[in-house]
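By the numbering used here, the letter at position 136 of the sequence shown is numbered 144, and the numbering carries on one by one without gaps.
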Amino acid sequence: MEKLIYGMPESLKNVSTTYCPGCSHSTVHKLIAEVIDELKVREKTIGVAPVGCAVFAYDFWNFDVTEAAHGRNQAVSAAIKRVLPDNVVFSYQGDGDLASIGMAETIHTANRGENITVIFINNTNYGMTGGQMAPTSLLGQVTTTSPKGRDAQHYGYPIKMLELLAPLEGVKYLERVKVTNAASVIKAKKAIKKAFENQINNTGFSMIEVLGSCPANWKKEPAEANRWVDEKMAEFYPLGVIKDAR
């Protein structure tokens, strides 16, 4: 008797993606769908999509997804979770949404220890609007608004969000991963699953940061973009568990 060992998750719609070739969003969407299926919580999961490249995430996930104004994902997610405490609620955000316009929401949601899961895609630029410098852009990185490269004197330093949140009492679990090869994808899925399990077990606030690639705005081929994540991004943003206070 044949056994299916790999296929389309029930929590993912069988539709064509609108993401650019090599973009990390598609990979992370699939990992979230697989985790939700494995935890058997599809019927009570609610995702909150960002303003950014993943603004149409509800077109890809086969469970309830709502939309939040730019930067307000975690405020909306926390409100939904408080009203529907038995549901599994997660916020999906890019670096501009989470670390720039949504910085206040991020810090206060984490500080309150809201029992939600946050998936943070860090691709060091504003992907949807043309590749402007983001709070996470690396020093020396060329963007449309830092054409000579980011320098600390004019633009400040890149923000390490997990390290910024780690001292807060309400934060229970923070881990940084990447999805540039098979081994790292497996590790990323494990971290995402742990963050969802924390919520199901009422542990408190969990955030997974995924170092993502943006070949289109970085002006790189997908393979080259993944190497840049491995060699440059992961050097500045160290992978691994930043905090685990469960």
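C-beta: ideal position from N, C-alpha, C; glycine also.
On a predicted model such as this, the values are computed, not experimentally measured, just so you know.
(message) Using the Cβ count rule (16 or more neighbours within 10 Å means buried), how would you classify residue 103?
(response) buried
(request) Answer with buried or exposed for residue 252, where buried requires no fewer than 16 other C-beta atoms within 10 angstroms of its C-beta. (result) exposed
(message) So the candidates are 171, 177 and 235; which of them puts its Cα closest to the Cα of residue 192?
(response) 235
(request) Compute the Euclidean distance between the alpha carbons of residue 13 and residue 42, then round it to the nearest angstrom. (result) 12 angstroms
(request) Could you work out which residue in 213, 147, 109 and 30 is closest to residue 86 when comparing CA atoms only? (result) 213
(message) At the level of alpha carbons, what is the spacing between residue 181 and residue 99?
(response) CA-CA distance, residue 181 to residue 99, rounds to 15 angstroms.
(request) Quick one: grab the DSSP three-state call for residue 239. (result) helix
(request) Decide if the segment 36-55 is in contact with the segment 197-210; the criterion is three or more beta carbon pairs, one per stretch, under 8 angstroms apart. (result) yes
(message) So residue 105 and residue 60 are supposed to be a Cβ contact under 8 angstroms. How far apart are they, rounded?
(response) 5 angstroms
(message) Given this structure, state the Cα-to-Cα distance separating residue 122 from residue 179, to the nearest angstrom.
(response) 9 angstroms
(request) Please report the residue range of the beta strand (DSSP E) in which residue 250 lies. (result) Per DSSP, residue 250 belongs to the beta strand (DSSP E) from 248-252.
(message) For a quick check, are the C-beta atoms of residue 184 and residue 211 less than 7 angstroms apart?
(response) Not closer than 7 angstroms, so no.
(message) If contacts are defined as beta-carbon pairs under 8 angstroms, then residue 131 and residue 34 qualify, I think. What distance do you get, rounded to the angstrom?
(response) At roughly 13 angstroms, the Cβ-Cβ gap does not stay under 8 angstroms, so residue 131 and residue 34 are not in contact.
(request) Following the continuous alpha helix (DSSP H) through residue 180, name the residue where it begins and the one where it ends. (result) If you look at residue 180, you'll find it isn't in any alpha helix (DSSP H); it sits in the beta strand (DSSP E) that goes 179-186.
(message) In chain order, what are the residue ranges of uninterrupted alpha helix (DSSP H) at least 4 long that sit wholly in the segment 135-166?
(response) 160-163
(message) Check for me: the alpha helix (DSSP H) holding residue 170 runs from which residue to which?
(response) Counting along the chain, the alpha helix (DSSP H) containing residue 170 begins and ends at 169-173.
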